[in-house]
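Participant: Pasting in a structure now, in C-alpha cells, and then I'll have a few things to ask.
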DNA sequence: ATGGGCACCTGGCTGC
DNA sequence: TGCAGCCAGGTGCCCA
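Residue numbers (this note's numbering): 21 to 266.
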C-alpha cells in the first residue's frame, strides 16, 4: 500500500501500510455506504464521502492530484482512492466491523425485508422532523442520500416538508415502495453522475437522466408541468413539486 | 430522545 | 481576466 495523503476525514495512522502488507482479501461487503474489505487480520472500513471514488487501474499508472492512496494487488493492479474534498475515510478494525462504533447503530438497509411499511410507520411516530430529513437519518434508514431522498418522496407524492408523524400508513407504504424502486433502478443503471462520479472502471452512471426533481429547480415537473421548487432543509437542498406532492 | 447547526475540504460555476 | 461568493452527491459530533 502507498499512502500519499493521510489527512482524510480521519487521519490514516503512520503504521497503516505496514499492517496491510502481504494480507489476503477474504471478503468484500457493504453496510450503509461503508465498504468493508476483510483481510487476514482485520477489516478495512472505507467511505467515499461526497467526492471519493475507487478505481481499479493497471500497474504503474501514475497518480494524479487527489489520488490519496493505492493498494497494490498481487496482479500488480492498483486499487486507487481519489477524493478531492477528503471527506472520505479509511479505517481499520480487528474485530467484527459491524460492531465498530460507526456501524453499530445503523438502521436497516433500505433494500432489505426489514425495511417495510410497518417499520417506517413506527419509526415516524412522534417524530416532528420533516420526512425528508428523517429519510436521511442513518438511525432510521441507511443509504438514502440527498438525491434519492428527494426522488423517492416525489414518486410517493409526499411533500418533503411533511412532519414525519403525519405520515399515514398508506403513505408509509408508498414511500417504502418508492425508496426501494428508486434505489434499485439507480443501482441497475450505475448511479447518478452529476459532476464526476465514476465506478471502478471509470464509467459514469446514467440515473441523472431519470431524475424527476433533483437539480431541476424552475424546470417543469415531468408529471404535471408545474415548476419544480428548491428549498433548504437541514442545510441541504430539497427539490420537489408542490403540485404533485402533499 | 430529539432536533438543529457546525464542521471537515476542494473545485466549479456565477456574477461583478 | 480576476476574484469573491456560493454551492456541492455525507455524516459525525456538540449543544440546547
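Ideal Cβ placement from N, Cα and C applies to all residues, glycine included.
Would you report the Cα separation of residue 223 and residue 73, rounded to the nearest angstrom?
Facilitator: The count along the first chain starts at 1 and reaches residue 223 at position 203. The count along the first chain starts at 1 and reaches residue 73 at position 53. C-alpha separation (whole angstroms): 11 Å.
Participant: I'd like to know if the segment 39 to 46 and the segment 184 to 194 are in contact, where contact means that at least 3 CB-CB pairs between them fall below 8 Å.
Facilitator: Judged by Cβ distances under 8 Å, the segment 39 to 46 makes no contact with the segment 184 to 194, as fewer than three pairs qualify.
Participant: Might you give, ordered along the chain, the residues of its own chain that have their beta carbon closer than 6 Å to the beta carbon of residue 209, omitting 5 neighbours on each side?
Facilitator: As a first step, residue 209 is located in the first chain; it is residue number 189 there, counting from the start. Excluding residues within five positions, the ones whose Cβ falls inside 6 Å are 226 and 227.
Participant: Does DSSP put residue 44 in a helix, a strand or coil?
Facilitator: For the purposes of this step, residue 44 is taken as the residue at position 24 of the first chain. It is coil, neither helix nor strand.
Participant: Do residue 154 and residue 147 have their C-beta atoms within less than 7 Å of each other?
Facilitator: Position 134 of the first chain holds residue 154. Position 127 of the first chain holds residue 147. In contact: residue 154 and residue 147 (Cβ atoms closer than 7 Å).
Participant: Can you tell me whether residue 28 is helix, strand or coil according to DSSP?
Facilitator: Counting from one through the first chain, the residue named residue 28 turns up at place 8. Residue state, collapsed to three classes: coil.
Participant: Along the chain, where does the alpha helix (DSSP H) containing residue 144 start, and where does it finish?
Facilitator: Taking the first chain and counting its residues from 1, the one referred to as residue 144 is at position 124. Taken as a continuous stretch (DSSP letters only), the alpha helix (DSSP H) holding residue 144 covers 137 to 144.
Participant: Does the beta-carbon of residue 240 have 16 or more other beta-carbons within 10 angstroms, so that it is buried, or is it exposed?
Facilitator: Here residue 240 is taken as the residue at index 220 of the first chain, counted from 1. Flag for residue 240 reads exposed.
Participant: Tell me, please, which residues DSSP counts as bridged to residue 111.
Facilitator: In the first chain, counting from the first residue as 1, residue 111 sits at position 91. Partner(s): 65.
Participant: May I ask you to report which of helix, strand or coil DSSP gives residue 255?
Facilitator: Taking the first chain and counting its residues from 1, one reaches residue 255 at position 235. In the structure shown, residue 255 sits in coil (DSSP, three-state: anything other than H, G, I, E or B).
Participant: Going by C-alpha to C-alpha distance, which of 165, 99, 24 and 170 sits closest to residue 76?
Facilitator: For the purposes of this step, residue 76 is identified with residue 56 of the first chain, where counting begins at 1. Nearest of 165, 99, 24 and 170 to residue 76, Cα basis: 99.
Participant: Check the C-beta distance from residue 253 over to residue 150 and give it rounded, since I have them as a contact under 8 Å.
Facilitator: As a working note, residue 253 is residue 233 in the first chain. As a working note, residue 150 is residue 130 in the first chain. Residue 253 to residue 150, Cβ: 6 Å. Contact.
Participant: Between 53, 79 and 192, which lies nearest to residue 118 when the distance is taken from Cα to Cα?
Facilitator: Your numbering for residue 118 matches position 98 in the first chain. Checking every option, the nearest Cα to that of residue 118 belongs to 53.
Participant: At which residue ranges does the segment 188 to 245 contain complete alpha helix (DSSP H) runs of 4 or more residues, listed in the order of the chain?
Facilitator: Within the segment 188 to 245, the complete alpha helix (DSSP H) runs of at least 4 residues are 189 to 208.
Participant: Return the chain-ordered list of same chain residues with a C-beta closer than 7 Å to the C-beta of residue 125, the five sequence neighbours on each side being excluded.
Facilitator: Locating residue 125 in the first chain gives position 105, where the first residue counts as 1. 159, listed in sequence order.
Participant: Residue range of the beta strand (DSSP E) that residue 57 falls in?
Facilitator: Here residue 57 corresponds to residue number 37 of the first chain, with the count starting at 1. Where residue 57 is concerned, the enclosing beta strand (DSSP E) stretches over 54 to 58.
Participant: Do the segment 100 to 111 and the segment 167 to 177 make contact, defined as three or more Cβ pairs closer than 8 Å?
Facilitator: They do not touch, by the three-pair rule.
Participant: Grouping DSSP H, G and I as helix and E and B as strand, with all else coil, what is residue 76?
Facilitator: As a first step, residue 76 must be located in the first chain, where it is residue number 56. Residue 76 falls in the strand class under three-state DSSP.
Participant: State whether the segment 132 to 140 contacts the segment 56 to 71, with contact taken as three or more CB pairs (one from each stretch) at a distance under 8 Å.
Facilitator: No, because fewer than three Cβ pairs between the segment 132 to 140 and the segment 56 to 71 fall closer than 8 Å, the two stretches do not touch.
Participant: Let's test the definition: count the other Cβ atoms within 10 Å of the Cβ of residue 260 and tell me whether it reaches 16, buried, or not, exposed.
Facilitator: Taking the first residue of the first chain as 1, we reach residue 260 at position 240. The residue is buried, with at least 16 neighbouring Cβ atoms inside 10 Å.
Participant: Would you mind working out which of 82, 22 and 211 sits nearest residue 92, comparing C-alpha positions?
Facilitator: Mapped onto the first chain, residue 92 falls at position 72. Answer by Cα proximity: 22.
Participant: In the DSSP assignment, find the unbroken alpha helix (DSSP H) run with residue 155 in it and report its ends.
Facilitator: Counted from its first residue, the first chain places residue 155 at position 135. 151 to 155 is the span of the alpha helix (DSSP H), which, as asked, contains residue 155.
Participant: Who pairs with residue 249 in a beta bridge, going by DSSP?
Facilitator: By 1-based counting over the first chain, the position of residue 249 is 229. In the DSSP output, where bridge partners are listed per residue, residue 249 has 260.
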